[in-house]
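Below: the structure, in structure tokens.
Residue numbers (UniProt numbering): 1 to 261.
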């Protein structure tokens, strides 16, 4: 990881109107610099705006105020330079593994030029022999690998991961965590992960951003100095896990109303 700033979020607010016609402050005064090549995780309670923030970075949503930049240029919409992996993978059910991975190349009009890379990415995610298999014929963990390969084949400078392991069993989740780390090291792609799992954030990340409840604000940013590869059962790991859980609990605590009588 370098100290070069890849993405910058400056004084970003985001509000929306809910089903009851109430104005909701989803994000308030978000300021964050993301370094090129780092692995950053965003954690916080449900409804604190984690996914909203990720969608803003992807250009799938726009801030109410403030600005988000990538390499100094304002983000104004989605672009292949930012890959996005959804919680459920969102593969096209009528396409094979190989053709799902190829969709990004075809959308950009570069399929003929880069089609030879498809086999490389299938090998990279460990799915050799599954090229002609359809999504309903593979496991959830395998489907998420395909979704990650589909994003990475576009050579994005940043990969945005919206709880891609949230619906997986513990064994599959651990396996995919290691695969993501392997891809991160090999491709040197900046990765930004939204997760509810403190252990996952600690295992994967260079830094962990803790967000407080709505309106979502950054409560604290923690540098993870543990050496890699990390051992989840080591004393240092467990001590830091407990520390982050405590900080997360404090960030999630809604201040009580004070009455002066």
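Even glycine gets a Cβ: it sits at the ideal position worked out from N, Cα and C.
- Rounded to whole angstroms, the Cβ separation of residue 65 and residue 13 is 5 Å, and the two are in contact under 8 Å.
- When secondary structure is reduced to three states using DSSP, residue 130 falls in the coil class, being assigned neither helix nor strand.
- If you draw a 10 Å sphere on the C-beta of residue 153, you find 16 or more other C-beta atoms in it, and that means buried.
- Bridge pairing for residue 160: 84 and 192 [DSSP].
- Residue pairing from DSSP places residue 69 in a beta bridge opposite 8 and 74.
- Beta-bridge partners assigned by DSSP to residue 39: 191.
- Nearest to residue 5 by C-alpha distance, out of 11, 22 and 33, is 33.
- Residue nearest to residue 241 within the set 202, 149 and 216 is 202 (criterion: CA-CA distance).
- Sequence-distant Cβ neighbours of residue 114 in its own chain, meaning closer than 8 Å and more than five residues away, are 105 and 153.
- Below 8 Å, enough C-beta pairs join the region 199 to 216 and the region 232 to 247 to call them touching: three or more.
- The region 75 to 88 and the region 154 to 166 touch, with no fewer than 3 CB-CB distances between them shorter than 8 Å.
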